[in-house]
Amino acid sequence: MASIKVVNLAKAFGIEELFNKVNFEVESADKAGFVGANGAGKTTLMRCLMGLEEYDDGQIILSANVTIGYVEQEANLADDTLRNELKTAFADVLAWQDKMQELEHSIANEKDSEQLAVLMKQYANIVQKFEMAGGYDYESTIKKIAYGLGFSEEDMDKNVKEFSGGQKTRICLAKALIRQPDFLFLDEPTNHLDIEMVEWLEDYLINYSGGVLLISHDRFFLDKVSNKIIELENKTVSIYSGNYSRYTKLKAEKMAALQSSYEKQQTYINKTEEYIRKYKAGIKSKQARGREKQLNRLERIILPPDSVAFNFFAFNPPPECANRVAELEGVGKEFADKTLFRDLSLLIRNGDGVSLVGPNGAGKTTLLKILVGELTDYVGKVKLGSRVKVGYFSQEHEGLNVANRLLDELIFEYGFSEERARSYLGAFLFQGDDVYKLIGDLSGGEKARLAFLKLMLTGANFLVLDEPTNHLDIPAKEAVEEALMTFPGTFITVSHDRYFLDKVTNCTLELRDGSLTEYLGNYSYYREKKATLAKDKEDNLNNNSKAKDLLMEKMPTLKKVKQRSAADKEKLAQKIEGEIAMLEYELKAVEFQLNDPQN
81 MASIKVVNLA KAFGIEELFN KVNFEVESAD KAGFVGANGA GKTTLMRCLM
131 GLEEYDDGQI ILSANVTIGY VEQEANLADD TLRNELKTAF ADVLAWQDKM
181 QELEHSIANE KDSEQLAVLM KQYANIVQKF EMAGGYDYES TIKKIAYGLG
231 FSEEDMDKNV KEFSGGQKTR ICLAKALIRQ PDFLFLDEPT NHLDIEMVEW
281 LEDYLINYSG GVLLISHDRF FLDKVSNKII ELENKTVSIY SGNYSRYTKL
331 KAEKMAALQS SYEKQQTYIN KTEEYIRKYK AGIKSKQARG REKQLNRLER
381 IILPPDSVAF NFFAFNPPPE CANRVAELEG VGKEFADKTL FRDLSLLIRN
431 GDGVSLVGPN GAGKTTLLKI LVGELTDYVG KVKLGSRVKV GYFSQEHEGL
481 NVANRLLDEL IFEYGFSEER ARSYLGAFLF QGDDVYKLIG DLSGGEKARL
531 AFLKLMLTGA NFLVLDEPTN HLDIPAKEAV EEALMTFPGT FITVSHDRYF
581 LDKVTNCTLE LRDGSLTEYL GNYSYYREKK ATLAKDKEDN LNNNSKAKDL
631 LMEKMPTLKK VKQRSAADKE KLAQKIEGEI AMLEYELKAV EFQLNDPQN
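Here is the structure:
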């Protein structure tokens with residue numbers, strides 16, 4: 081069985097230690113989720129395993145001839161066609177193909193028998209490698225994987241720079257999957273993918289014959305795919321068997337047991353120290369010195385430092401507003417010659433937590449922008465209820481002034497004193513000199529935290545959230561979830577984070593093919609309802625198909641008619657004509673049902 085073993089691995093950047101004494105093993109049967117806070121060193125550790133990053137100490141032991149496919153967090157693609165980009169996964173095969181052609185030319189022109197034998201041996205070795213690597217089938221393999229990931233033959237000759245972020249992620253996945261490596265290393269593979277493509281990837285990885293090591297903040301994805309969790313925290317790793325939900329349970333139990341042991345040990349230490357102080361100079365001094373030696377030899381239990389997380393992230397009770405918070409009537413939107421959606425109607429009531437889902441490109445962000453008034457070129461009506469105050473969290477954070485320092489953003493916009501601005505920023509993990517950073521220099525996660533801080537300060541009673549958990553690590557996502565679950569107002573959110581949607585929403589709107597469908601439940605309810613409807617439709621089609629077959633069997637054949645005596649034929653013909661007319665009517669009815677799009 082192929083395996084990757086890590087022994088006492090250590091890595092530092094200058095004087096800052098990233099991780100130390102890291103030990104774990106991943107085998108080809110493992111689907112290991114790699115979790116930890118942003119900045120813990122997960123990507124660096126993965127790159128060390130790939131040989132793309134040096135480490136300071138320890139060992140990485142790979143099985144002989146092990147192969148690894150790697151999908152980085154950011155797509156690094158050449159300025160070339162999709163076909164040629166995917167061919168780079170077969171760089172060795174193409175090199176062998178060139179070498180074979182070169183040797184074929186040399187063999188055809190070689191006159192010396194000894195040199196010819198040498199060339200023939202070289203050629204045989206290259207051909208064997210070429211065949212074992214699937215060289216004769218590499219073009220069909222490329223098409224099979226590309227088509228499976230949603231690309232068409234027309235896409236194959238497009239420049240990769242023309243594709244969207246989600247499509248570029250799929251290109252990187254295709255390059256990693258084409259060669260069926262022993263291990264797949266995936267760094268945030270669900271970024272930029274819509275939910276349907278994420279679910280496809282889940283099924284693919286669950287059934288993948290090799291091992292998988294994936295970095296992800298997508299808890300739903302980790303739950304579905306992982307059978308082992310490797311947590312990088314406090315500069316070392318802990319291993320938990322099972323998926324993400326089991327990991328959270330086991331970790332909570334582990335921390336509770338550690339806390340209990342720590343408290344018991346502290347009680348013992350305090351009692352022993354009190355005994356030593358009381359009797360060190362008295363008649364029991366010998367016993368006191370003995371206990372002092374025992375105490376010095378005691379291995380102290382050290383609690384890990386508390387995880388750094390949002391402090392005081394909660395929305396203040398917003399002002400009361402009308403029960404009918406927002407209404408859409410006959411709303412439609414076109415871009416150039418494309419109709420994005422038309423005749424949409426919707427009512428959002430006070431207290432609702434609504435998710436808006438659908439494939440990429442369906443118009444979810446556009447609909448949110450229409451709702452908050454950022455887009456005005458549309459047909460139909462949008463009504464906001466009385467006393468409704470909107471707070472908008474944009475996916476691109478256009479509400480942040482990139483030229484401002486963090487401190488200035490709060491002081492100028494809200495009139496805060498420097499002390500009060502620092503207090504708010506500190507609660508959102510911007511501490512010390514961080515407050516002097518330019519907003520334009522912040523990471524995606526830092527911009528998201530600042531945007532949430534400003535959203536909290538608006539006092540809005542209707543929140544419109546576009547991908548609010550993008551760029552956030554799991555502790556930050558949990559803080560956002562807690563804040564929304566206790567928020568007494570109303571919100572609508574677009575998100576690909578199914579775990580987040582399950583926790584905070586009570587209504588799901590699907591935007592697909594230009595229309596809206598409402599499901600009165602969270603994301604899991606919506607998926608369950610969709611699956612039930614799909615099964616009912618399939619059962620109905622199967623039943624109708626069987627009915628059609630039965631009717632066809634009833635049709636009298638010409639052979640049966642010919643077997644009748646001449647005297648009976650005329651009478652029988654009249655009867656048969658009536659039966660045929662009735663059966664044809666029934667058959668048309670069944671065919672209509674089969675072709676009815678409502679079934």
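Take the sequence shown: its letter number 427 is residue 507 in our numbering, and every next letter is one higher.
Cβ atoms here follow ideal geometry from the backbone N, Cα and C, with glycine treated the same way.
Since the model is a prediction, treat every value here as computed from it, not as a measurement.
Can the beta-carbon of residue i be found closer than 8 angstroms to that of residue j?
i: Y458; j: G412; result: yes
i: L383; j: G460; result: no
i: N307; j: K122; result: no
i: Y203; j: I187; result: yes
i: L455; j: V544; result: no
i: T124; j: L98; result: yes
i: F508; j: R529; result: yes
i: V102; j: V305; result: no
i: T270; j: D298; result: yes
i: R578; j: F300; result: yes
i: S108; j: G322; result: no
i: T161; j: D237; result: yes
i: K527; j: H477; result: yes
i: A117; j: P555; result: yes
i: Y29; j: I309; result: Past the edges of the chain, shown from 81 to 679, lies residue 29, and the structure says nothing about it.
i: G525; j: D488; result: no
i: M130; j: I295; result: no
i: N381; j: A368; result: Looking at the sequence provided, one finds Ile at residue 381 rather than Asn. No.
Please report the distance separating the alpha-carbon of residue i from that of residue j.
i: P677; j: E618; result: For P677, the predicted model reports a pLDDT of 49, less than 50, meaning its position is unreliable and no value from the coordinates is stated.
i: A175; j: L229; result: 26 angstroms
i: V86; j: V278; result: 29 angstroms
i: L257; j: K241; result: 21 angstroms
i: E353; j: A337; result: 24 angstroms
i: L638; j: I286; result: Here the model assigns L638 a pLDDT of 46, short of 50, so the residue's position is not dependable, and the following value carries that caveat. Going by the C-alpha atoms only, they are around 54 angstroms apart.
i: D172; j: E182; result: 15 angstroms
i: R326; j: T549; result: 22 angstroms
i: V106; j: L330; result: 20 angstroms
i: A563; j: T249; result: 31 angstroms
i: E234; j: K224; result: 14 angstroms
i: L480; j: A531; result: 7 angstroms
i: I141; j: T597; result: 52 angstroms
i: R163; j: L253; result: 14 angstroms
i: V462; j: I450; result: 8 angstroms
i: A442; j: R404; result: 26 angstroms
i: F104; j: G119; result: 20 angstroms
i: M81; j: L293; result: 16 angstroms
i: V198; j: I206; result: 13 angstroms
i: F415; j: G594; result: 13 angstroms
i: I349; j: E313; result: 28 angstroms
i: E333; j: Y320; result: 12 angstroms
i: F510; j: E372; result: 44 angstroms
i: P398; j: Y603; result: 26 angstroms
i: N100; j: K315; result: 6 angstroms
i: G245; j: I251; result: 10 angstroms
i: Y494; j: D546; result: 23 angstroms
Report the option in the options whose CA atom is closest to the CA atom of residue i.
i: L591; options: T123, S425, K461, L166; result: S425
i: T446; options: K557, A483, V574; result: V574
i: T147; options: D262, V452, Q511, F243; result: D262
i: E268; options: I356, V115, K201; result: V115
i: L600; options: G594, D593, D582; result: D582
i: R485; options: Y288, I519, A507; result: I519
i: I428; options: L253, T270, L162, T585; result: T585
i: K534; options: P555, H272, S474; result: S474
i: Y135; options: S143, F93, S108; result: F93
i: F210; options: T566, D178, S523; result: D178
i: M565; options: R259, Q247, N189, A394; result: A394
i: G453; options: G113, R422, N440, A406; result: A406
Within 8 angstroms, do at least three Cβ pairs link the stretch 459–471 to the stretch 532–545? Three or more pairs of CB atoms, one per stretch, sit closer than 8 angstroms, so the stretch 532–545 contacts the stretch 459–471.
With contact counted as at least three CB pairs below 8 angstroms, one residue from each stretch, are the stretch 568–577 and the stretch 427–436 in contact? The stretch 568–577 makes contact with the stretch 427–436: 3 or more CB pairs, one atom from each, lie closer than 8 angstroms.
Sufficient close CB pairs (3 or more, under 8 angstroms) joining the stretch 203–218 to the stretch 146–157: The count of Cβ pairs closer than 8 angstroms, one atom from the stretch 203–218 and one from the stretch 146–157, stays below three, leaving the stretches out of contact.
Taking three-plus beta-carbon pairs below 8 angstroms as touching, is the stretch 359–371 in contact with the stretch 605–619? The stretch 359–371 vs the stretch 605–619: no contact.
Start-end ranges of the beta strand (DSSP E) lying completely within the stretch 411–468, minimum 3 residues: Qualifying beta strand (DSSP E) stretches, in chain order: 418–429, 433–437, 459–464.
Give the list of continuous alpha helix (DSSP H) stretches no shorter than 4 residues that lie fully inside the stretch 513–556. With a minimum length of 4 residues, the continuous alpha helix (DSSP H) runs that stay inside the stretch 513–556 are 524–537.
Output the residue ranges of the alpha helix (DSSP H) runs that lie fully inside the stretch 88–161 and measure 4 residues or longer, sorted by chain position. At a cut-off of 4 residues, the continuous stretches assigned as alpha helix (DSSP H) that sit fully inside the stretch 88–161 are 122–130.
Extract the residue ranges of the alpha helix (DSSP H) inside the stretch 290–351, only unbroken runs of 4 or more that lie entirely within it. 299–305, all fully within the stretch 290–351.
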